[in-house]
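Below is one structure, written out as structure tokens; the observations come after it.
Number of protein chains: 2
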Amino acid sequence: MTKQVKISEAVVRRLPVYLRYLNELSLSGVQTVSSQDLGEKLDLNPAQIRKDLAYFGDFGRKGVGYNVSYLIEKIRQILKLDRPLHVALVGTGNLGRALCNYNMYLKENMKIIAVFDADPSKVGTVINNLTVQPTEELGATVAEKDISIGIITVPAAEAQNVADRFVAAGIRGILNFAPTVLRAPEGVRIHQTDFTADLLSLAYYMNNDNEDTTRGTVDDEPMAD
Amino acid sequence: MTKQVKISEAVVRRLPVYLRYLNELSLSGVQTVSSQDLGEKLDLNPAQIRKDLAYFGDFGRKGVGYNVSYLIEKIRQILKLDRPLHVALVGTGNLGRALCNYNMYLKENMKIIAVFDADPSKVGTVINNLTVQPTEELGATVAEKDISIGIITVPAAEAQNVADRFVAAGIRGILNFAPTVLRAPEGVRIHQTDFTADLLSLAYYMNNDNEDTTRGTVDDEPMAD
DNA sequence: TAGATTGTTAATCGATTAACAATC
DNA sequence: TAGATTGTTAATCGATTAACAATC
Numbered sequence: 001m002t003k004q005v006k007i008s009e010a011v012v013r014r015l016p017v018y019l020r021y022l023n024e025l026s027l028s029g030v031q032t033v034s035s036q037d038l039g040e041k042l043d044l045n046p047a048q049i050r051k052d053l054a055y056f057g058d059f060g061r062k063g064v065g066y067n068v069s070y071l072i073e074k075i076r077q078i079l080k081l082d083r084p085l086h087v088a089l090v091g092t093g094n095l096g097r098a099l100c101n102y103n104m105y106l107k108e109n110m111k112i113i114a115v116f117d118a119d120p121s122k123v124g125t126v127i128n129n130l131t132v133q134p135t136e137e138l139g140a141t142v143a144e145k146d147i148s149i150g151i152i153t154v155p156a157a158e159a160q161n162v163a164d165r166f167v168a169a170g171i172r173g174i175l176n177f178a179p180t181v182l183r184a185p186e187g188v189r190i191h192q193t194d195f196t197a198d199l200l201s202l203a204y205y206m207n208n209d210n211e212d213t214t215r216g217t218v219d220d221e222p223m224a225d
Numbered sequence: 226m227t228k229q230v231k232i233s234e235a236v237v238r239r240l241p242v243y244l245r246y247l248n249e250l251s252l253s254g255v256q257t258v259s260s261q262d263l264g265e266k267l268d269l270n271p272a273q274i275r276k277d278l279a280y281f282g283d284f285g286r287k288g289v290g291y292n293v294s295y296l297i298e299k300i301r302q303i304l305k306l307d308r309p310l311h312v313a314l315v316g317t318g319n320l321g322r323a324l325c326n327y328n329m330y331l332k333e334n335m336k337i338i339a340v341f342d343a344d345p346s347k348v349g350t351v352i353n354n355l356t357v358q359p360t361e362e363l364g365a366t367v368a369e370k371d372i373s374i375g376i377i378t379v380p381a382a383e384a385q386n387v388a389d390r391f392v393a394a395g396i397r398g399i400l401n402f403a404p405t406v407l408r409a410p411e412g413v414r415i416h417q418t419d420f421t422a423d424l425l426s427l428a429y430y431m432n433n434d435n436e437d438t439t440r441g442t443v444d445d446e447p448m449a450d
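Protein sequence lines, in the order shown, are assigned to chains E and B. Number 94 in my numbering belongs to position 94 of the first sequence; there are no gaps in the numbering. Number 433 in my numbering belongs to position 208 of the second sequence; there are no gaps in the numbering.
Listed below in structure tokens is the structure:
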């Protein structure tokens, strides 16, 4: 029954969304849920949900649905959230501090355990029980504390530099909040959280009487040079 | 030449990424750029870039490439960033304050001009020159100040409630940072910035010796009930 | 048994990429 | 003219959805 199919990024990206809602259901005491229910709540096609889950195993029961706590357990296994995952964060500006104070990860065994900043005036300050370290210590601390994921919340101009440091330190995954495209060698995964792009692209849909904007909407004069 | 083709969300989402890099090029004094150059820098297929841009007009010149400042102008027109866009933000926690202090939007005519919080102890405080207002005033202020985009940075449990208020106030687009799926009627666009999902999905790729995880990786015992 | 819902195949839809004539 | 690069068509690839037999 073990099919060798590559799991697409889109599928993996939906798993945490399922997990989050299942946790809610569990807290409300709901014991069973159908793909229909999930689909309605999460605005997804039920067939897609069944297909996503079926990549990893037969978690449901025909005619019944999915056992909520069993499915939670399985998704946490799939995402490898059933064991501790250490995270480091670089850049203690507003956003960096916001993330340090965010506690969602805790429940999922994911925890920011080291914080860095290049600014000497920030070094030594304390954020949510963590003392800010100088960026120079990044490599040593990552190795020492078995850190596998890095979060980048520095200005765009410094982001690639920090990413390179993370890569050199042997990190396996990077979540980048800086508004710039980062490059890393094979084997290091980069997730881009580009909310400026999310926000600016929203503008496109504003005051759009003709919902389908086409070539006609922009006047194409000959190119100025 | 006006083809009636619907522009996909993926295409629109890439436009701000192009715009950002073009602005960089412009600052460096670069006057012309090819889809090849753009593709290398942004990690995208050159053909895709040419196709994206061609949806909106003939912006390039064969054998030469794209004029940087002309393309900037055109993309800003397409995204409707050539005119002021007023934004309101609800939720002045760490993340909300981080966004208020973020100034990227300014350059693009997009500006947070009103901030709200349900917590009376936050009301009246000042963030980046904006006085925090009680959430009750949201409807009136949105109408009064011609606000078309709303940003939600409240806890998940309150997010839908805030979204409903925004919708009732006549807002056209919402950028949601709360880790929950929001619903809105047709005509109101919701962009989800789910960085907890981005982070948790990153875990999937950690310590993955077999890069393609399949049914085999998770032990499928019979379902417990 | 009758009703419900899964897992999975096949059909559809959409997005990306390759290739190349047009042309600067 | 020769070299470069666009705009666009056709080919490919991948993801979503519909449909349904299996079965609880």
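Just so it is clear, CB atoms sit at the ideal spot from N, CA and C, and this is done for glycine as well. The structure displayed is predicted, hence computed values, not measured ones.
- Can we say the stretch 193-205 of chain E touches the stretch 113-133 of chain E, given the rule of at least three CB pairs closer than 8 Å? no
- Message: Under 8 Å, Cβ to Cβ, is there at least one residue of chain B near PRO16 of chain E?
- Response: yes
- With 8 Å as the threshold, decide whether the Cβ of ARG408 of chain B is near any Cβ in chain E. yes
- Query: When DSSP builds the beta bridges, which residues end up paired with PHE59 of chain E?
  - Reply: The partner list for PHE59 of chain E (beta bridge, DSSP) is empty, contrary to what the question assumes.
- Item | Residues bridged to ASP342 of chain B (per DSSP) | B:PRO359
- Can you list, in chain order, the residues of its chain whose CB lies under 7 Å from that of VAL142 of chain E, leaving out five sequence neighbours each side? ALA88, ALA169, GLY170 and ILE171
- Item | Close beta carbons around MET223 of chain E, own chain, < 8 Å, minus the five adjacent residues each side | At MET223 of chain E the pLDDT is 37, less than 50, meaning the model places this residue with poor confidence; the figure from the coordinates comes in the next sentence. The answer is none, since no qualifying residue turns up.
- Which chain B residues sit within Cβ distance under 9 Å of ASN94 of chain E? ASN319, LEU320, ARG322, ALA323, LEU324, CYS325, ASN326 and TYR327
- Hey, how far is the Cα of LEU320 of chain B from the Cα of LYS287 of chain B? 45 Å
- Message: Does chain E have any CB closer than 8 Å to the CB of ILE297 of chain B?
- Response: no
- Compute the Euclidean distance between the alpha carbons of ALA140 of chain E and GLY65 of chain E, then round it to the nearest angstrom. 48 Å
- Message: Taking 8 Å as the threshold (beta carbon to beta carbon), is ILE338 of chain B in contact with chain E?
- Response: no
- Who are ASN401 of chain B's beta bridge partners in DSSP? Beta bridge pairing from DSSP links ASN401 of chain B with B:ILE377 and B:GLN417.
- Ranges of the alpha helix (DSSP H) found wholly within the stretch 247-279 of chain B, counting only runs of at least 4: 260-267 and 271-279
- Which word fits SER233 of chain B, buried or exposed, when buried means at least 16 other C-beta atoms lie within 10 angstroms of its C-beta? exposed
- Taking the beta strand (DSSP E) that LEU314 of chain B falls in, what are its first and last residues? 310-315
- Query: Mind checking if ASP371 of chain B is an interface residue toward chain E, Cβ cutoff 8 Å exclusive?
  - Reply: no
- Message: Rounded to whole angstroms, what is the Cα-Cα separation between ASN176 of chain E and THR356 of chain B?
- Response: The alpha-carbon atoms of ASN176 of chain E and THR356 of chain B are separated by roughly 31 Å.
- Message: According to DSSP, is ILE300 of chain B part of a helix, a strand, or is it coil?
- Response: helix
- Query: How would you write the range of the beta strand (DSSP E) that GLY412 of chain B sits in, first residue to last?
  - Reply: Run containing GLY412 of chain B: none; DSSP gives neither H nor E here.
- Message: Measuring only the C-alpha atoms, how far is ASP43 of chain E from VAL33 of chain E?
- Response: 15 Å
- Query: Going by the CB atoms, is the gap between ALA157 of chain E and LEU182 of chain E shorter than 8 Å?
  - Reply: Taking a C-beta distance under 8 Å as the contact criterion, LEU182 of chain E and ALA157 of chain E do not qualify as a contact pair.
- Task: Give a yes or no on whether the minimum CB-CB distance between THR360 of chain B and chain E is below 8 Å.
- Result: no
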